[in-house]
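Residue numbers (our numbering): 37 to 205.
C-beta: ideal position from N, C-alpha, C; glycine also.
Read the structure below first, then the notes.
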């Protein structure tokens, strides 16, 4: 278990979590984190986690996964490269409230020359239900030209995309 320190993502704890068998997940060993929902995560109108907060979490989970693979946003910025989101598709499946213990997982489902498809799953660890699923397309961008650029082999290796043994059979 690793707490993220000095980070804008300090509410997350990077740890290996087993996804319950009753919750569908496409791979066996995704990158996982835990999160305890606080009052600060709730919407101002209704006392549950808002859609805006889920979107923020999806971005945080992606960033932390990148850091764990040696591809922090600061490192990419120094190389004048960055991942931009071109599409998020989010399914809100159940409400989450203050005090809930959530599990979060992310993995890549496919990649192309300049794009990655990232899947994210958030589930309630106590009620054992999926709370949110997201599929996001990320485009690798050259910050000078502001155009998509090829994902190089080093990045593919650092992300360990679709690693052998990860896919469920």
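Presumed contact (8 Å Cβ cut-off) between residue i and residue j, rounded CB distance
i	j	result
residue 117	residue 179	6 Å
residue 48	residue 119	With 8 Å as the limit, residue 48 and residue 119 do not qualify as a contact, their Cβ atoms being about 18 Å apart.
residue 174	residue 157	Their Cβ separation, rounded to whole angstroms, is 17 Å, which puts residue 174 and residue 157 out of contact at 8 Å.
residue 124	residue 94	7 Å
residue 169	residue 127	5 Å
residue 159	residue 59	5 Å
Residue i (DSSP reduced to helix, strand or coil)
i	result
residue 192	helix
residue 147	strand
residue 42	Bear in mind that the predicted position of residue 42 carries a pLDDT of just 39, short of 50, making it too unreliable to give a figure here.
residue 50	strand
residue 57	coil
residue 142	strand
residue 125	strand
residue 207	For the chain, the structure presents residues 37 to 205; residue 207 sits outside this window and is missing.
residue 170	strand
residue 165	strand
residue 178	strand
residue 186	coil
Pair within 8 Å by beta-carbon distance, residue i and residue j
i	j	result
residue 134	residue 86	no
residue 63	residue 139	no
residue 84	residue 132	yes
residue 167	residue 129	yes
Residues of its chain near residue i, where Cβ-Cβ distance is below 6 Å and the 5 sequence neighbours each way are ignored
i	result
residue 112	118
residue 79	86
residue 77	85 and 89
residue 9	Outside the modelled stretch of the chain, which goes from 37 to 205, sits residue 9, for which no answer is possible.
Same chain, Cβ closer than 7 Å to residue i, five either side skipped, listed in chain order
i	result
residue 98	142 and 154
residue 72	137
residue 66	141, 142 and 143
residue 150	175, 176, 184, 185, 186 and 187
residue 33	Any property of residue 33 remains undetermined from this structure, which presents the chain solely from 37 to 205.
residue 194	105, 106 and 107
residue 61	55, 141 and 157
residue 145	62, 153 and 155
Contact set for residue i: own chain, Cβ-Cβ below 8 Å, skip 5 residues either direction
i	result
residue 192	147
residue 165	59, 129, 130 and 159
**OP:** Note down, one range per segment and in chain order, each beta strand (DSSP E) of at least 3 residues found wholly within the region 61-123.
**Re:** Counting only runs of 3 or more, we get 67-72.
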